[in-house]
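Numbering (my numbering), first residue to last: 104 to 237.
Every residue, glycine too, gets a C-beta built ideally from N, C-alpha and C.
Being a predicted model, the structure only gives us computed values, none of them experimental.
In what follows, a single structure is set out as structure tokens and then discussed.
The following block contains the structure:
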């Protein structure tokens, strides 16, 4: 089953598991739809999933930087050596945030929330895994 956006329960579990002032590296695994699937009645021009994700990224990166975060790694996935058969990803991102509070404040930002429409339309599946540097 595809996972695109975090549920309230997932956000609550994340908040409980990660200490407030802990710096985070968020691992994003992305699989794009061939054609973005905006909701019916959307005013957005039809495009590929990658193009829709670029629309999201243009706005989201400003918000990431606005809370003190930065993209550390952006890479094209080539092959999964250890994964369930058939599992594949198109891109991965490692995004650093100074704290859990910074990440959550970005998620709550109205402009960021509006941009997630493009992310949702773009992705066939995704994973977002909170990690902490050692």
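Please confirm whether residue i and residue j have their CB atoms less than 7 angstroms apart.
i, j, result
"residue 222", "residue 159", "yes"
"residue 180", "residue 195", "yes"
"residue 148", "residue 235", "no"
"residue 199", "residue 173", "yes"
Label residue i either buried or exposed according to how many other C-beta atoms from any shown protein chain fall within 10 Å of its C-beta, with 16 as the threshold for buried.
i, result
"residue 209", "buried"
"residue 120", "exposed"
"residue 217", "exposed"
"residue 127", "buried"
"residue 226", "buried"
"residue 152", "buried"
"residue 176", "exposed"
"residue 229", "buried"
Suppose the cutoff is 6 angstroms on Cβ atoms and the five residues either side in sequence are ignored; what does the same chain contact list for residue i look like?
i, result
"residue 212", "166"
"residue 171", "201 and 205"
"residue 224", "139, 140, 141 and 155"
"residue 136", "152 and 227"
May I ask you to report which of helix, strand or coil DSSP gives residue i?
i, result
"residue 110", "coil"
"residue 188", "coil"
"residue 118", "helix"
"residue 161", "helix"
"residue 229", "strand"
Might you give, ordered along the chain, the residues of its own chain that have their beta carbon closer than 8 angstroms to the beta carbon of residue i, omitting 5 neighbours on each side?
i, result
"residue 109", "117 and 231"
"residue 215", "162, 163, 166 and 209"
"residue 122", "203"
"residue 107", "222, 223, 226, 228 and 229"
Could you give the C-beta distance for residue i and residue j, rounded to a whole number, given that I count them as a contact under 8 angstroms?
i, j, result
"residue 133", "residue 192", "6 angstroms"
Leaving aside the five residues before and after residue i along the sequence, list all residues of the same chain whose C-beta is less than 7 angstroms from its C-beta, in chain order.
i, result
"residue 190", "183"
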